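Worksheet for the structure shown next.
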Amino acid sequence: MTTVSETKWVGRAIRRREDPRLLAGKGKYIGDITLPGTTYVHLVRSTHAHARIRNIDTTKAENYPGVVAVVTGEEVAAAMKPMLVPSIIPRLGGELQIPTVYPLAIDKVLWVGDPIVAIIAENKYIAEDAAQLVEIEYEPLPVLEDPEEALKSDSPKIHEDWKSNVLWHGELGDGDVEKAFREADYILSERFYGHRTGCAPLETRGAVASYDDFTGLTLYINSQRPHILRMALSQILNIPHDKVRVIAPKDVGGAFGTKAPIYREDLLICYLAMKLKRPVKWIENRMESLMTIGQERDQIHYLELAVRKDGKILGLRDRIIADVGDGRTGVYLGFVMPWLGAAYLTNAFDIPNVHIDLSCVVTNKPCLSPSRAFGEFPARFAMDYALHLVARELNLDPRDVFEKNIIKKFPYVTATGITHDSGDYVGAFKTLLEALDYDRVKQEQKEARKNGRLIGVGFAMGAEMSGIGSQVFVAMENQPGYGSATVKIDTHGMVQVLEGDSPQGQGHETTIAQAVADELGVNIDDIYISYGDTFATPFASGTLGNRGASYTVSAAVLACRKLKTKIQKIAAYLLGIESDSEEFIFANREVIWKKDNSKRVSLDDIADVAIMAPTKLPPGMEAGLEATAYFEANIASMLSIGVHGAVVEVNPKTGDYKILRYVVVDDCGVPINPMLVRGQVHGGVVMGIGNTRYEKYIYDEAGQPLCTTLMEYHMPSAADVPDIEVIEYNVPTPYTPLGTKGKGEGVPGPVPATLASAITDAIDRPGFKLLNLPLTPESIWRALNEDK
Amino acid sequence: MHPLQDVQKPGVEGTKTIQVRVNGQIYKREVPIRMLLVDFLREELGLTGTHVGCSVEGRCGACTIVLNGNNVKSCLLLAVQADGADILTVEGLGEPDNLHPIQEGFWEKHGLQCGYCTPGMMMSVYNLLKVNPHPSVAEIREALVGNICRCTGYEHIIEAVQYAADRIAAMPKEERDKLFSY
């Protein structure tokens, strides 16, 4: 473990290096990439939630001036394998039914928005015009919108060749659950519902593909995982791997998980470029985006807790029903998110006896796609809010119930098999209560109540994944969990770092450079970071799941350390010193002998010898100064804790509530750049508030989406949210070279339980519960009036 | 000839010549009459700093510009409606080596992550600080309701605006006026 005080760049809140170009309007996003001769795609999408396609008439569209081609499902399907090739199917045990997936619908549509026809035209205006001229005859089929209905054995089958509508069913857990429930003094049993919402980024999806017979396929796409996509494209399209190049643009306008899957449109755009031998560009419009991606959560939990009268949780039973939509989006199939929500259900709590039964059910909605707090958002709500309900039922202070159950010894393996590496969860929790001034707020609550004001305080825990090692990741997504990086010192003594991940606003150009600058004793401006191009960067699983600061930064550090061994040998040789290496320090672009600091060589001179004048190298030494490292932590997984607390005031007449304070106590191990960590926490909380209070993908009985604009899907503006206070409580992990852990992915998770418990505390009425998200003034008003 | 001239559809064919001043430079262009202003800026003039986040709803704010002194969503106007207009986009705000105090504020205070909303956000901040040099936090939040940021949670954006306001307040009047000439 390295302490912060020994380092120069790591731990400093420096300005980001990517910002000048973004502030000047010179960022390069997917929408800014246009190749000579580009054609533009517009998709005709289903207007029915479930229907057979009886006829498609594209004649008028084909004849529309400026239209290059009109393409339907069968043609595209004939050119490729079914999209769900074995390498992108998760292997999580249980029973899995795999749908057959092609880019465009053939014969049948399964949700409103299901793509049917692709129009390719000389510009996007023409493509959109011509799309209006496509005539499709549908034969409507019964629509299944409720997963509990879809579960029934007499329900129509959405995928007709399946034996049921259950995409995945399995069980998780360990311990003697029956015994725990027999010995319980009290059993809490409730149905919790976390609605369909997610992380729509401000930049929608987009892709630009080109093809020629010599270099093959080049796909520019704002993907979080270009290497995984390249692998899948090669397999599905049956093109040699050397003829598939995926490039993520330098700048991606947010993703939050939504740009991690392998979408049907990705394959379609590639096929069109191959067919037309012209570049093809597709930029998803907002309506398509709200109809297609970023829909997550959507879990029902029948949760039971076996509780001792002092508040200790002895056991947990949960039956989870997840509405995964059509289940046709690659890699995750809609079920990996609820699976992880189940695996992380017990959160930061020590619950030895657990049994979870998870059914992931298909319906006539778009497939769930990952959204930050991957699968955990409804699970955190159910678990942490349940602890507050237990406290209310047993007349205990929820503070004591939490403290009694929080994990205290590390490493800790949950009954569902998740490894918590290190930390001080109790310390972080107590710090939150101090920051909230809990006892004083409880006192003020009493005073306010006398004046008719309802004040409440609530809190929740969030143990978020900080990358997942290969031990877990290989099974979960059929992909490695390691971080990878290549570090090269160039002919000018500048340092190039190539990473296999591909960021979307996380600030890798700054944070990786901070770590590398310390290792090599150079200035941060001596370092340049390259990413996104699968022809130039080492293989990696992508920027997701808080992997960056845990795994990718660690790989860059290890690559530097490999390089340092060689550099020291060269330095010793040039200085004529007998040295076993590891006897030099790296500072101010120099390599300095510890035993006599007058003996020093500049990094520039070493680079010059190693690259330009290899005759001066020690005899037999290979030329060049570059190293690649793959970092795997010596533990199954790392997590980092965030504890959230809120003080709210509720208006019982309207159900409206105001967040008076929102505080997060946060641990990310060693923060590489504390300013960026705070930014991640702020953004995560506000996304969580949006998901909890303002955002919901609503469907009517016919399966029509009612939220297809940002007017209806209300992502919060600055005026909708409170100030967020962040308090650092960092415990370095012993499992990464710098003690760093990723942060940000799971931050929305604790928000709904924090707000629900605060509102419940404010109302403080026996029997009052908020079991269904979202927490809108209307839902609170209804809960208030139902229990009267 | 522009490809759109080929279109044989009532109400959409035809072009018109417009003249606009964008970031101080005058452009005279023949544009299809139905081309959106945001597409004109991005595709005809190559000013891709103005972004599209919501496809012609006017809700997300990523395409916000200053047009004749007012904030407008450039996805809600046609290019022909901007004929004769004086426009400021993010590219005209400052140079990389001579940033506008608003840009400096966003940089210093980490007011951006993915950067997609940032140009439009800064255009709204520009018009806020032009009329209200010392906004309160509540005033900043209200002024930015037309710009969605999905990354930052707004906390650092507010700090960025405060930083910019302080920097500008410390400048001599002539310099201040130069910063807000649009």
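So the sequence lines, in the order shown, correspond to chains A and B. So for the first sequence, my numbering puts the first residue at 1; every next one is plus one. So for the second sequence, my numbering puts the first residue at 1001; every next one is plus one. Beta carbons are placed, not taken as given, at the ideal position from N, Cα and C, and that holds for glycine. Only a predicted model underlies this, so the values are computations on that prediction, with no experimental measurement involved.
Just curious, the beta strand (DSSP E) that A:S210 is in, first and last residue?
Within the first sequence, residue 210 of chain A is the residue found at index 210, counting from 1. It spans G206 to D212 - the beta strand (DSSP E) in which A:S210 sits, taken as one unbroken run.
Compute the distance between the beta-carbons of A:V390 and A:D761, then report whether it is under 7 Å.
Reading the first sequence from its first residue, position 390 is the one you call residue 390 of chain A. Reading the first sequence from its first residue, position 761 is the one you call residue 761 of chain A. Taking 7 Å as the Cβ cut-off, A:V390 and A:D761 do not qualify as a contacting pair.
Would you say A:E128 lies against chain B (beta-carbon separation less than 7 Å)?
Your numbering for residue 128 of chain A matches position 128 in the first sequence. Chain B, which has no Cβ nearer than 7 Å to the Cβ of A:E128, makes this no.
Members of the segment 1111-1124 of chain B that neighbour chain A once the beta carbon cut-off is set at 8 Å
Listed by position, the residues of the segment 1111-1124 of chain B near chain A (Cβ gap below 8 Å) are L1112, Q1113, C1114, G1115, Y1116, C1117, T1118, P1119 and M1122.
If you drop the 5 nearest sequence neighbours on each side, which residues of the same chain put their C-beta closer than 7 Å to that of B:V1031?
Counting from one through the second sequence, the residue named residue 1031 of chain B turns up at place 31. So the list reads T1015, K1016, I1018, F1040, E1044, A1079 and V1080, once near-sequence residues are dropped.
So, using beta-carbon positions, are A:A758 and A:V648 closer together than 7 Å?
Working through the first sequence from its first residue, we reach residue 758 of chain A at position 758. Working through the first sequence from its first residue, we reach residue 648 of chain A at position 648. Contact flag set, yes.
Please confirm whether B:V1090 has its beta-carbon closer than 7 Å to some beta-carbon of chain A.
Within the second sequence, numbered from 1, the residue matching residue 1090 of chain B stands at position 90. Closer than 7 Å to some Cβ of chain A, the Cβ of B:V1090 qualifies, so yes.
Does the Cβ-Cβ distance between A:V101 and A:H48 come in under 7 Å?
Taking the first sequence and counting its residues from 1, the one referred to as residue 101 of chain A is at position 101. Taking the first sequence and counting its residues from 1, the one referred to as residue 48 of chain A is at position 48. Not a contact, by the Cβ cut-off of 7 Å.
Considering only residues of the same chain and omitting the five flanking positions on each side of A:Q504, which have a CB-CB separation below 6 Å?
In the first sequence, residue 504 of chain A corresponds to position 504, counting from 1. Within the same chain, V252, G254 and A255 come within 6 Å of A:Q504 by CB-CB distance, once the 5 residues on both sides are set aside.
Just to check my reading of the structure: A:I98 and A:I88 have Cβ atoms closer than 8 Å, yes? What is that Cβ distance to the nearest angstrom?
Here the question's residue 98 of chain A lines up with position 98 in the first sequence. Here the question's residue 88 of chain A lines up with position 88 in the first sequence. About 11 Å separates the two Cβ atoms, so there is no contact after all.
Bridge partner(s) assigned by DSSP for A:A382:
As a working note, residue 382 of chain A is residue 382 in the first sequence. Paired residue(s): none; A:A382 is not in a bridge.
Cβ contact check for the segment 239-247 of chain A and the segment 48-62 of chain A: 3 or more pairs under 8 Å
no
Rank A:R399, A:R440, A:M465 and A:D400 by C-alpha distance to the C-alpha of A:G423 and give the top, closest one.
Along the first sequence, read from residue 1 onward, the residue named residue 423 of chain A stands at position 423. Checking every option, the nearest Cα to that of A:G423 belongs to A:M465.
Using a Cβ-Cβ cut-off of 6 Å (strictly less than) and excluding sequence neighbours within five positions of B:K1130, which residues of its own chain qualify?
Within the second sequence, the letter at position 130 stands for residue 1130 of chain B. Closer than 6 Å at the Cβ level, and outside the excluded window around B:K1130, lie F1180.
Using a Cβ-Cβ cutoff of less than 6 Å, which residues in the same chain neighbour B:E1091 once the five nearest sequence positions on both sides are dropped?
Stepping through the second sequence from its first residue, residue 1091 of chain B is reached at position 91. The answer, listed in chain order, is N1023, L1047 and G1049.
Roughly how many angstroms separate the alpha carbons of A:A306 and A:M715, rounded to a whole number?
In the first sequence, the residue the question calls residue 306 of chain A occupies position 306. In the first sequence, the residue the question calls residue 715 of chain A occupies position 715. Here the alpha carbons of A:M715 and A:A306 stand approximately 38 Å from one another.
In whole angstroms, give me the CA-to-CA distance for A:I126 and A:W282.
Along the first sequence, read from residue 1 onward, the residue named residue 126 of chain A stands at position 126. Along the first sequence, read from residue 1 onward, the residue named residue 282 of chain A stands at position 282. About 13 Å.
So with Cβ pairs under 7 Å, would you call B:F1106 a contact of chain A?
Along the second sequence, read from residue 1 onward, the residue named residue 1106 of chain B stands at position 106. B:F1106 counts as touching chain A.
Between A:V487 and A:L563, is the Cβ-Cβ spacing less than 7 Å?
The sequence position of residue 487 of chain A within the first sequence is 487, counting from 1. The sequence position of residue 563 of chain A within the first sequence is 563, counting from 1. Going by C-beta atoms, A:V487 is nearer than 7 Å to A:L563.
If the cut-off is 7 Å on Cβ atoms, which residues from the segment 716-731 of chain A count as contacting chain B, listed in chain order?
S717, A718, A719, V721, D723 and I724
Nearest-angstrom Cα distance between A:S5 and A:A633?
Here residue 5 of chain A is taken as the residue at index 5 of the first sequence, counted from 1. Here residue 633 of chain A is taken as the residue at index 633 of the first sequence, counted from 1. For A:S5, the predicted structure reports a pLDDT of 41, less than 50, and the residue's modelled location is therefore unreliable. A value from the coordinates is still provided. Rounded to the nearest angstrom, the two C-alpha atoms are 23 Å apart.
Continuous beta strand (DSSP E) stretch holding A:K658: start and end
Against the first sequence, residue 658 of chain A aligns to sequence position 658. Y657 to D666 is the extent of the beta strand (DSSP E) around A:K658.
Could you check which residue in A:P142, A:M231, A:L544 and A:V401 has the C-alpha nearest to that of A:V85?
In the first sequence, the residue the question calls residue 85 of chain A occupies position 85. Measuring from the Cα of A:V85, the nearest candidate turns out to be A:M231.
Whose C-beta lies closer than 7 Å to the C-beta of B:T1089 among residues of the same chain, with five residues either side of it excluded?
Within the second sequence, residue 1089 of chain B is the residue found at index 89, counting from 1. Excluding positions up to five away in sequence, the list reads V1022, N1023, L1041, L1047, G1049, T1050 and I1065.
Using a Cβ cut-off of 7 Å (strictly closer), state whether A:V4 contacts chain B.
Start at 1 with the first residue of the first sequence, and residue 4 of chain A comes out as number 4. Note that A:V4 scores 39 on pLDDT, short of 50, meaning its location in the model is unreliable and no value can be drawn from it.
Leaving aside the five residues before and after A:R661 along the sequence, list all residues of the same chain whose C-beta is less than 6 Å from its C-beta, in chain order.
In the first sequence, residue 661 of chain A corresponds to position 661, counting from 1. Correct list, in chain order: V647.
So B:L1099 contacts chain A; which residues on that side make the cut at Cβ distance below 7 Å?
Within the second sequence, the letter at position 99 stands for residue 1099 of chain B. Result: L23.
Among A:A131, A:L96 and A:I763, which has the Cα closest to the Cα of A:G452?
Walking along the first sequence from the start, residue 452 of chain A turns up at place 452. The shortest C-alpha separation from A:G452 is found at A:I763.
Using beta carbons (cut-off 7 Å, strictly below), is A:V41 in contact with chain B?
Position 41 of the first sequence, counted from the start, is the residue given in the question as residue 41 of chain A. Not an interface residue.
Between A:S550, A:I585 and A:P777, which lies nearest to A:P732 when the distance is taken from Cα to Cα?
As a working mapping, residue 732 of chain A is identified with position 732 in the first sequence. Here the closest residue by C-alpha is A:S550.
Might you give, ordered along the chain, the residues of its own chain that have their beta carbon closer than 6 Å to the beta carbon of A:V134, omitting 5 neighbours on each side?
Residue numbering aside, residue 134 of chain A sits at position 134 when the first sequence is read from its first letter. If we look at A:V134 and ignore the five residues flanking it on each side, its Cβ neighbours are V44, T58, A61 and V117.
What residue range does the alpha helix (DSSP H) around A:C560 cover?
Translated into the one-based positions of the first sequence, residue 560 of chain A becomes position 560. A:C560 -> alpha helix (DSSP H) spans V553 to L575.
Going by DSSP in three states, A:S189 sits in which element: helix, strand or coil?
If you number the first sequence from 1, residue 189 of chain A lands on position 189. Correct three-state label for A:S189: strand.
Considering only residues of the same chain and omitting the five flanking positions on each side of A:T692, which have a CB-CB separation below 7 Å?
Within the first sequence, numbered from 1, the residue matching residue 692 of chain A stands at position 692. Within the same chain, A:T692 has close Cβ partners V751, P752, L755, L773, P774 and L775.
C-alpha distance - A:N238 paired with A:M638, whole-angstrom precision:
Taking the first sequence and counting its residues from 1, the one referred to as residue 238 of chain A is at position 238. Taking the first sequence and counting its residues from 1, the one referred to as residue 638 of chain A is at position 638. For A:N238 and A:M638, the distance between alpha carbons rounds to 37 Å.
Would a C-beta distance cut-off of 7 Å place A:Q299 and A:A322 closer than the cut-off?
Residue numbering aside, residue 299 of chain A sits at position 299 when the first sequence is read from its first letter. Residue numbering aside, residue 322 of chain A sits at position 322 when the first sequence is read from its first letter. Going by C-beta atoms, A:Q299 is nearer than 7 Å to A:A322.
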